[in-house]
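Following: one structure in structure tokens, then a few remarks.
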Amino acid sequence: MGRRKPEALIGLVAKYGSSVRKRHGRVVRLLKKKRQCPSCGSMKFRREVAGIWTCPMCSYKLADGAYDTPRLERAR
Ligand SMILES: [Zn+2]
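For the sequence shown, this note's numbering gives the first residue as 434, with consecutive numbering after it.
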């Protein structure tokens, strides 16, 4: 078995081109990643809309990247 290539998520049909599908899969995986709330430590910290990250437990809100939280990772 060789090294696995980054695969597109299932559910997408043969459309839009392979690199766009792979990029979409990467973004979706990033969004599904568990994140810790910097305020209360809950793992429910997630993206509300592009660039707005929010915690449902303590309603802490943070402006960061559209698909990931690079500023939050750097601060840690
Ligand atoms: Zn919180």
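Positions of the beta carbon are idealized from the N, C-alpha and C atoms, including for glycine.
Around ligand 1, which residues pass a check of Cβ closer than 5 Å to any of its heavy atoms? The answer, residue by residue, is Cys470, Ser472, Cys473, Ser475, Cys488, Met490, Cys491, Tyr493.
Would you kindly work out how many angstroms separate the C-alpha atoms of tyrosine 493 and glutamate 506, rounded to a whole number? The straight-line gap from Cα to Cα measures roughly 16 Å.
Does the beta-carbon of cysteine 470 have 16 or more other beta-carbons within 10 angstroms, so that it is buried, or is it exposed? Buried, because 16 or more other Cβ atoms sit within 10 Å of the Cβ of cysteine 470.
Assign arginine 462 to buried or exposed, taking buried as 16 or more other Cβ atoms, counted over all protein chains shown, within 10 Å of its Cβ. By the beta-carbon neighbour count (other beta carbons within 10 angstroms, threshold 16), arginine 462 is exposed.
What number of angstroms, rounded off, separates the C-alpha of cysteine 473 from the C-alpha of methionine 490? Rounded to the nearest whole angstrom, the C-alpha separation of cysteine 473 and methionine 490 is 8 Å.
Boundaries (first-last residue) of the beta strand (DSSP E) holding arginine 480: That run of the beta strand (DSSP E) goes 479-482.
Can you tell me whether arginine 437 is buried or exposed, with buried defined as 16 or more other CB within 10 angstroms of its CB? So arginine 437 counts as exposed.
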